[in-house]
Amino acid sequence: MFEVIMIVALLVLSVSLMLCIARALMGPTLSDRIVALDSFGLNLIGFISIFMILQNTEAYAEVVLVLGILAFVGSVALAKFLERGVVIDRDSH
Amino acid sequence: MELLMSVVVGVFFMVGTYLLMTRSLIRVVIGINLLSHATHLLLLTMAGLKTGAPPLLNRGETEFSDPLPQALILTAIVISFGITAFTLVLAYRTYKVNKTDDLDQLRGSHDE
Amino acid sequence: MKWKTNNLLFIHVTRVVSFLILAFSIYLFFAGHNDPGGGFIGGLMTASSILLLYLTFDKRKIDEMLPIDYVSLISAGLLIAFGTGFIGLFIGDPYLTQYFDYFTLPWIGEFELATAVLFDVGIYLGVAASALVIILTIAGDQ
Amino acid sequence: MAFQILLNLTIAFFWMILQNSYTSFDFVIGYVIGIAIVYFLRGSLPQTFYMQRVWAIVKLLCLFLKELVVANLQMIRIVLQPKLKVTPGIIAMPTYLDTDWEVTILSMCITLTPGTMTMDYSEDGRTLYIHSIHVEEKQEVIDDIRNHFERAIVEVTK
Amino acid sequence: MSLMHWAILLPFIFAIFVPILYKYIRPVHTGWFVLIIPTVLFLYFLPYISSIANGETFYEAVPWVPSLGIDFAAFLDGWSLLFVLLITGIGALVVLYSIYYLDKKHEAIHNFYVYLLLFMGAMLGVVLSDNLIVLYVFWELTSLSSTLLISYWFQRDASIAGAQKSLNITVFGGFAMLAGFALLYVITGTFSIQEMIGQADVVINHELFLPTMILILLGAFTKSAQFPFHIWLPDAMEAPTPVSAYLHSATMVKAGIYLVARFTPVFGGAPEWFWVISGFGLFTLLWGSLSAIRQKDLKGLLAYSTISQLGMVMCLLGLGSAALYFDEANELYTVAILAAVFHLFNHATFKGSLFMCAGIVDHETGTRDIRSLGGLMLVMPATATISLIGAASMAGLPPFNGFLSKEHFFMAITDATQYGIFNMETAGMLFPVIGWVASVFTFVYCCIFFFKTFAGPFNADRFAKTVHEAPVGMLISPAILGLIVITVGLFPNLLSQSIIEPSMASILNGLPMDNEAFAVDIEHWHGFSAELFMTIGVIAFGSLIYVSMGKWKELSIYKKSEDVFSPLYDSSISGLIKGSQKITNVQMTGRLRDYFAYISVFFLIVVGWTMIRYDAFAIDLQYISEVNSFEVALVVLLLVSVLSLPFIQQRVAAIVMLGFIGFLIALFFVNLRSADLALTQLLIETVLVILFMLAFYHLPELRKETKRLTFNWTNALISFGVGLMVTLVAFSAFTFGQENDFSPISEYYIENSADLAGGYNMVNVVLVDFRGLDTVLEVLVLGIAALAVIAVIRLKLKEGDDV
Amino acid sequence: MTEILISILVLIGSFLSLIGSLGIIRLPDIYSRMHAATKSATLGVVFLISGSFVFFLSEGVFILQLLFTIAFVFLTAPVAAMIISRSAHRNGVELWGRTKHDELMESYPEHLEPERDNEKADQP
Amino acid sequence: MMNNLIILPIILPAMIGAILVFFSKSQQIQRFISVIAMTAILIASIWLAIDVYNNGMRVIALGDWPIPYGIPLVADMFATVMVLLSAVIGVCCLFFAFRTIHPDRERFYFYPFYFFLIAGVNGTFLTGDLFNLFVFFEVTLLASYILIVHGSTAFQLRESFKYLAINVFSSMFFLVGIAYIYAATGTLNIADIGRRVAELEQDGVLNVIAVVLLFVFATKGALFPLYFWLPKSYTGPPAAISALFVGLLTKVGIYAIIRVFTVIFHHDLSFTHHFILVLAGLTMLFGVLGAVAQYDFKGILAYHSVSQVGYMVMGLGIFSPLALAGAIYFMVHHSIVKAALFLFSGVAEKITGSTDIRNMGGLLKTHPAFSWLFFITAMSLAGIPPLAGFFGKFSLIVPGLEETHYVVVAVSLFVGLLTLFSMMKIFSHSFWGRQKHSSTQANIKTGGLLITIAPLVVLTIVMGLAAEPIFFYLLDVAHEILDPSIYIESVLGE
Ligand code: NA
Ligand code: NA
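As you go down the protein sequences, you meet chains D, Z, C, L, G, B and Y in turn.
Position one of the first sequence corresponds to residue 9 (my numbering), numbered consecutively onward.
Position one of the second sequence corresponds to residue 434 (my numbering), numbered consecutively onward.
Position one of the third sequence corresponds to residue 10 (my numbering), numbered consecutively onward.
Position one of the fourth sequence corresponds to residue -2 (my numbering), numbered consecutively onward.
Position one of the fifth sequence corresponds to residue 111 (my numbering), numbered consecutively onward.
Position one of the sixth sequence corresponds to residue 19 (my numbering), numbered consecutively onward.
Position one of the seventh sequence corresponds to residue 3 (my numbering), numbered consecutively onward.
Okay, structure coming up:
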């Protein structure tokens, strides 16, 4: 039963992921796609958390944290690029 | 699962190859990236996907997944990263210098 | 066209977060031999944290703060990794032979010393520096 | 505050040494004892007792969590409604908070709580531009934030 | 190394010093130093005549590449000796002649002499080598040095064209010959000609006999300018005249004759050999003589005459090979060989002198066009005299040596009709007829050569410079040759026993040595035989034709002196280049997608074909691990993302999609129990997405593929095939691996990571311990990539900044 | 007992995640979608991580990384939301037609005021 | 421990490359270190070759891990020949580079890339592990990508992108092949794969895998119809680099083909090797037609490189001792000769400022030494005896006929003729004819450049005249290659 619930949760998350993909495909702006990517990353964290339960292993704890970090870094980098046309400013603004 | 993964790999190869045969620089680069994903998945699949624990020995498990392909893939991922990064830059500069990203316009003449 | 941007939230959060990530990356590096992690992952994570700093502040500020020549660091990493391989040669073992032993120290307890860690340091430096060089170079050409 | 925490930690470790037992349980015991000691000695210390501030933080957190849950419920409603009933807008909200840190926390709270999201600051960082999903009345939104978050944050930092 | 080896190598060694002598001893014409070499060599070989005449042969072998069966074996018998003496003797005369012909002040004579010595050594090597490969080595060197000599005035287009033509044709033959030699080696197991003679039966009866023979003959025919490969020789006349006299009449062009004679003991008994050699020889004889009369260039005329005469010798060698078929040295057959050897020698003498005379005429008048020449007899009496001797000999007039060999030629071709083999009774009747007709034309062009140049009125205005007789030094060499022509003509048996008999013995090697048959006795008068009447007929008809030349001149065939095969050659060369360009441009389109299409189709065909051929597809469900529902969901997500990629029109969307795919793959790695992989994948994917965005954000939007839809379908079909192949092979390889009982090596890692490497994360242990080299190399790859990124972005050179 | 708790946490978490994604799909403009992404997705993931954390806690394993992740997500989600929405705004991504105020636009200096055009916003 | 000698040709250039990065600003120091290092590599290679010849195959298990589990480096005679070759070419091209390349290149890591390439190439020759081979391939390729595009001219960028794309594509299939091999045999060590494959009875899948790997190596080695990347990418970079590439790069692919198809896939010769022969013939033909079509000095040379690859593979396809010896001989010969020719193209460009032979003429008059060195080399390429090229061709033709492969022999001879034709095209256009360059250009001194190429020219003469010791040695090598059990047992220590 417990496992079934976990799998149901995974399937729900899969649908959620699919929606993110849909938004990324639909756009219409780059910002929309970044949002989709950001959300996608967050949903993946949930996915992996459930995997940890299912596989009964804590081996992916670091993965979860890293994913959290990267979703942030990635979104910020893309958004900043979008805003300023550069990722890294040469000089103070 | 191996069957399913093999099919996935095949689809990756299909799309990757298709993208390589398009005119746009970026599509080619994307195609290359897809192919590298595909090979990583294939390496993993070919070692057999029978479920064991992650290959960490200090967790009290006895059955493990094959660690070797994982190490190979890790190596392959890093290599693909290096190559892809370089490809990107190359495509970027090619575009900037040749003023086009259309590979048909990057044919060059026969008389060079 | 230049925006006068107030990045208050961004700067304050990343100030904290990037150092957390840096610490975490070092943890990942050391965890490597027994848990997920290692030189590669640690190196890439370190690169991410430094990238985050670059994202938040400007290049000049970070260059002042971390006066590191990443290009040289790549070489240094490579030389360390290739160099540790020579350790074995002095006692007649093949290239790249790694050694380890367990030691017990008061207070700290039993711990492992391995040449593989030195090797991994080389990997770590090489990966981190390479990743940063790639990103910074491309980003710098905009 | 840092000094007080350091003091407290020292006490906790001292406790563990005395007990000659180094488990996390011992540490917690030692820390609690430390809190008590620091509380009693607060008069001799230059600042207010740091646990007061901790308490304020806890209150802020609770407020925040409550608002977060509310926010999500609201989102569920919006999303699952067959017809979208939203009137979004971007409004400027001047804040009376002094330090950058305070403003930072405020803007984070704004974002994670119902209907609002910080989008930008004015150049001096004392006016927040907020996107709200319901702007029936602009002042209402501003007051809501004022009454809840600004006050709670001032509690923590004062 | 014997002295004979050093004799072969001497010209090569001396060639090294020629540029030095040229540079540092300018006052002395370098030719004087060079002259020493052929003279010394001639004097060295001359004494061999007596021992060779006594039936001795000399064989000295030095191992060169014994692993490949190649020995530097020098073999000297009568046939080689004849050539050696021609090469060195005429060589000496030619060098002497060249000293006066080439101006040391204005010409790069060091080049000339280097080439000439190179040729001399090579030619000696050809005729003295027993090992076919060594022979071949020298053979190609003669082609090469000939090319260089033709191109001596390399600033002239005609020289370049002539040089390239000769090289192309002779090397074509050379390569074919090499293949023939290799086949002979396959048949006999040796490269030694002498050893092959012992296996002549094996060779003739071998299934590869015919191709072997044809290939070797291609070499001989191209070298000896046999029809239809003769076209290079007239163009070779761009070479300085000493070269024409030496290589293109006296020696090199006879290398093919040498080779055919050499191989007669091996191939001689076969009808194919008989017919091919004699047939091509006969036709070349006719073609050459017919073409010669159309020439307006004095040297061109001589070139065609050479072709014709070489054809005659070749024809005789073919006829004479019948002796080997009968295995009997009956005079009926051997007279052909006798005639061949004798004429070969005679031709060298009279043609050499004629070339030199033509050179003198050219040198002194500045032209070789017979339409401008005439009346030189009085101005250049010595030259005219020598020319007359040579021309008369060539025309077959008594008492010159040419008459004698021509008589023997007539005798041989009339005898051939009585062979009673190879259908000679019927088809053989053509031989005397064609031979005679060709001789008539020979007579005619000899008349043209002499009379158009020397007879008639002299008009000094027609020449750019003041015409006078050549310096004495220049006349010495042709005079000596003329003297030989007369001497041999008068005392033909001077050569009979010393040169001709031993040569015949070499060519008919292996026949029962019947002294009668080889007892050569050449006489001027042997009754009112058929030969005599044929000669009289030649003179009569020849004179008639020459006298009526005025009428023939109007024929268009006369006006156009170019050989019909020359345009054929030219168009085939330009066709080759155009064709190559076409073929190359069709596949090397420069379009990356074409390349990928070709490559993919190749992959598809090859792998698919192999799978079908070996019925290699295998699948067995029992080895397959189970699939969870969420795994299916994940697969669907992945496939949706991947399949959407080709349809995405915005690059940013494509990049974001790529990010999704990367993240999903990390998820797969987690599902397949690999934390390290997932971590790496996530990190790298994030960085990559950022990089992609940086690099591609400013690129133009992805355009829709504008081509027709069907074209896309082709690509789609190809890519589908590639994907399918990858999948099918994956099934099969996996099933195959599960069915055999090899345990994967990874079990070792599971057992030993902790104990031997001190780590619990096996992946990491594999990376830093078991496969440390991989790991440090991948960092190297990353490092190179980083440096490369810097270089590509920051280093900006322009075309031509450096080389 | 803990299994039930975990199940609830996980189900709520996945449901909230779904809501977040639905919001991203359904809401009319990038700014409203940002709300869904930050609020629902964030809380959803926090629930899921908590579920996992509780699961291992019940097995006697305390996974600090998971707690860190929760903190991290809370810390960074607003930052991401802000910078994404701000960049969108500055690039001229259109607000929904029924949006009432845009005081941010009013604050921009005139020469920096972006043109509102989604097509162009995707492509500088 | 003498076995560690094997690592020197790999680790030395790799570390030197890394060290040179530190000195990227200083031309002098970089050149100084490069010379010392390249000489050291040459000495190490010679030493290794002698050692292996005297003492037999050297195997080192890196990290001291038992053999199929760790990565071994294996130095057999074949490998040491190739390593020595790469060192020789490396030295010559390096000195040539000193005199020709733009100083900006030196600032942007030209020398590091150079040494990394050599490290990669030597690694591919010496490794005994299939996956490690892949990694070394990538090191080599990446270094080659950057060296090809170094300078970033429009032409370079355009063509190197194609080069890169095609090679990356084939690298993917290398990984695919490795995955298949691992699935089918459960091991990665080349010798171990060879042993396991030899024990298996069913060979259908193995043939398919063999073909996949052949496809990969054939792309790297530029076989028909996979050579599209080669011609233009070799004409873009400076002569020193083109020369280095042609000397080393395609050889890596051919080496891999020979290694894999002798140690692992030799159980169905009639299929695989016949197929290889067909490819060999077509490669020769299409390559040389490309050369005939060209008027670009480097272009002609580049297309010849394709064509000559066919000869090398032909030796493998014939699969007799002499043929294999011939193939190796041809590889060595071709590397030397073609490197020299590419360097000559650089000299010609330096004098005339062009690489189009139609813009050249009369070089023989103004630069006789250059002309004759070129001529000798060109004749060697065309297989004119007694230069090395002849023996390369000869040792393929004879066994080809012995094994009754008449067609491919005929093609090879025909191609030889066209090779001569196109080399003469260069010679007659550029060296003969009227002088087309100015008198200032005519006075350009080339002695300094020629002295760096001369060793290669001398080598091609010596290899011809002293063919015996070389063939004596190569026949040993061929016998060693033809008996896979020698390799397998030496590596696995059975
Ligand atoms: Na809010
Ligand atoms: Na198995």
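Every residue, glycine too, gets a C-beta built ideally from N, C-alpha and C.
Note that this is a predicted model, so its numbers are computed, not measured.
Please work out which residues of its chain come closer than 8 Å, Cβ to Cβ, to Val630/G, disregarding the five sequence neighbours upstream and downstream, and give them in chain order.
Closer than 8 Å at Cβ, skipping near neighbours: Leu448, Asn603, Ser606, Gln607, Ile610, Glu611 and Met614.
Within chain B, the residues that Ala73/L reaches when beta carbons sit closer than 7 Å
Contrary to the premise, residue 73/L reads as Ile rather than Ala in this sequence. Result: Ile37.
In three-state terms, what does DSSP make of Pro854/G?
Correct three-state label for Pro854/G: coil.
The region 466 to 493 of chain Z: positions lying closer than 7 Å to chain D by Cβ
Residues of the region 466 to 493 of chain Z with a Cβ closer than 7 Å to any Cβ of chain D, in chain order: Ala486, Pro487, Leu489 and Arg492.
Could you give the distance in angstroms between the alpha-carbon of Leu57/L and the alpha-carbon of Ile150/L?
Rounded to whole angstroms, the separation of the alpha carbons of Ile150/L and Leu57/L is 7 Å.
Leu25/D beta carbon less than 9 Å from that of Asn51/D
Between Asn51/D and Leu25/D, the C-beta spacing is below 9 Å.
Within the same chain, show all residues whose beta-carbon is closer than 7 Å to that of Trp49/Y, passing over the 5 residues directly before and after it, in chain order.
Only Leu7 meet the Cβ criterion.
Please report the distance separating the alpha-carbon of Pro142/B from that of Met48/L.
Only weak support is given to the placement of Pro142/B: the predicted model assigns it a pLDDT of 44, under 50, and the value that follows is read from those uncertain coordinates. If I take the Cα positions, the gap works out to 52 Å.
Are Phe331/G and Phe390/G touching if we call contact CB-CB under 9 Å?
For Phe331/G and Phe390/G, yes; Cβs fall inside 9 Å.
Three or more C-beta pairs below 8 Å linking the region 538 to 551 of chain G and the region 644 to 657 of chain G:
Touching, per the Cβ criterion.
Contact list for Leu114/C against chain G, beta-carbon separation under 7 Å:
None at all; the shortest Cβ gap to chain G is about 17 Å.
Which chain E residues sit within Cβ distance under 7 Å of Glu121/C?
No chain E is part of this structure, whose protein chains are labelled D, Z, C, L, G, B and Y.
According to DSSP, is Asp786/G part of a helix, a strand, or is it coil?
Taken through DSSP and simplified to helix, strand or coil, Asp786/G comes out as helix.
For the alpha helix (DSSP H) that contains Phe109/C, what are its first and last residues?
Not the alpha helix (DSSP H): Phe109/C falls in the beta strand (DSSP E), residues Phe109 to Leu114.
Uninterrupted alpha helix (DSSP H) stretches inside the region 21 to 88 of chain Y (no shorter than 4 residues)
Within the region 21 to 88 of chain Y, the complete alpha helix (DSSP H) runs of at least 4 residues are 29 to 57.
Roughly how many whole angstroms lie between the Cα atoms of Ala826/G and Ile894/G?
Distance from the CA atom of Ala826/G to the CA atom of Ile894/G, rounded to whole angstroms, is 35 Å.
Chain B residues whose Cβ lies nearer than 8 Å to that of Phe19/C:
Chain B residues near Phe19/C: Val97, Met100 and Ile101.
Which whole-angstrom value describes the C-beta separation of Ser388/G and Leu429/G, a residue pair presumed to lie in contact below a C-beta threshold of 8 Å?
Ser388/G to Leu429/G, Cβ: 5 Å. Contact.
By Cβ distance, which residues of its chain are closer than 6 Å to Val64/B, with the 5 residues on each side in sequence left out?
Answer for Val64/B: Ile88, listed in chain order.
Assuming Ile399/Y contacts Ser382/Y (C-beta within less than 8 Å), just tell me the rounded distance between them.
16 Å between Cβ atoms; not a contact.
Which bits of chain D does Leu40/B rub up against, with CB to CB less than 7 Å?
Neighbours of Leu40/B in chain D, taken as residues whose beta carbon is under 7 Å from its own, are Leu27 in chain order.
Quick one: using the 10 Å Cβ neighbour count with 16 as the cut-off for buried, is Asn169/Y buried or exposed?
That one is buried.
When Thr146/C, Asp78/C and Thr55/C are compared against Ile132/C, the one with the closest alpha-carbon:
It is Thr55/C.
Should Leu73/D be flagged as near chain C, meaning a C-beta pair shorter than 9 Å?
For Leu73/D, the answer is yes, since a Cβ of chain C falls inside 9 Å of its Cβ.
Enclosing beta strand (DSSP E) for Val674/G [first to last residue]:
Boundaries for Val674/G: no beta strand (DSSP E) harbours it, and the DSSP string shows neither H nor E there.
Range of the contiguous beta strand (DSSP E) that encloses Glu170/G
Taken as a continuous stretch (DSSP letters only), the beta strand (DSSP E) holding Glu170/G covers Phe168 to Val175.
Own chain partners of Val72/B with C-beta closer than 7 Å, once the 5 adjacent residues on each side are dropped
These residues qualify, in order along the chain: Thr20, Leu23, Ile24 and Leu27.
Cutting at 7 Å between CB atoms, please list the residues of its own chain near Lys817/G, excluding the five before and the five after it.
The predicted position of Lys817/G is uncertain, since its pLDDT is 49 and thus under 50; no value can be drawn from it.
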